[in-house]
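Here is the structure we will look at.
Numbering (our numbering), first residue to last: 656 to 918.
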């Protein structure tokens, strides 16, 4: 991993990381110089960064210099970020992409979403990382389903939640405190172009069992939930999803991969 900090005076990135707590972050998958919906990642980061005092976050200089640091070959998972409170600094991390998967097991914890800033990606990353470690070490799971104080499913620690009820694509209700996910917005746009019905709903975790459920993000694209583990209101559960992925799961995966564009 290589780290740079944006020098506002010199209008360039300099080697080394800034000091201070992580305030904001945005990551995207790069495959041989191609990115999916890069403009949406850029817009989401810039909008939030300006609110934190990152005045160069929407400048052409910043983004041109950032793009120039991304290799045109290989698989990468870079991250733009803001660190520090009093004098927030823009930064960039070039990280090799971790292995990508198509399915995963998910832990349902017996407590509500612990995030302090659920609609902004950054300051809660360490807290969510600890939750995912607990899911792996104690429950053999890859991810954590976050539920609000009323027990409604919101999203996972790193991904947006989608599920299917017959031919309807279901999305957590926008009133639920969730990150404005880039990948889920892309999939929903694709569904509208296909005249697929989309409904926004409030559901509890037990309502999802038995349905085709996806967790979607920039790194993996679409992953289907293979098994559930954890506590529900009515019982402790360890449920494995039966059957292989439907053909349209792979069709959507293929479509999403085709959305990768050169930057």
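Beta carbons are placed, not taken as given, at the ideal position from N, Cα and C, and that holds for glycine.
Could you tell me which residues DSSP puts in a beta bridge with residue 685? 690 and 731
Contact between the stretch 852 to 863 and the stretch 660 to 668 is defined here as three or more beta-carbon pairs at a separation below 8 Å; is this criterion met? no
In or out: residue 691 buried (at least 16 other Cβ within 10 Å) or exposed? buried
What runs of the alpha helix (DSSP H), each 4 residues or longer, lie entirely inside the stretch 775 to 821? 780 to 794
From the DSSP output, in three-state form, read off residue 826 for me. strand
Which residues in the same chain as residue 683 place their Cβ atom closer than 6 Å to its Cβ, once the five residues preceding and following it in sequence are excluded? 690, 696 and 873
Smallest Cα separation from residue 796: which of 763, 810, 779 and 802? 763
Would you kindly work out how many angstroms separate the C-alpha atoms of residue 792 and residue 833, rounded to a whole number? 26 Å
Provide the residue(s) that pair with residue 725 in DSSP beta bridges, ordered along the chain. Note: residue 725 sits in no beta bridge, so no partner.
When the Cα atoms are used, what is the spatial distance from residue 687 to residue 914? 14 Å
Separation of residue 908 from residue 900, as counted between CA atoms: 11 Å
With C-beta atoms as the reference, is residue 866 less than 8 Å away from residue 819? yes
Suppose you measure from the CA of residue 886 to the CA of residue 767; what does that come to, to the nearest Å? 12 Å
Please report the residue range of the alpha helix (DSSP H) in which residue 904 lies. 902 to 913
Can you name the start and end residues of the alpha helix (DSSP H) that residue 881 belongs to? Residue 881 -> not in any alpha helix (DSSP H); beta strand (DSSP E) instead, spanning 876 to 886.
Through-space distance from residue 741 to residue 910, alpha-carbon basis: 43 Å
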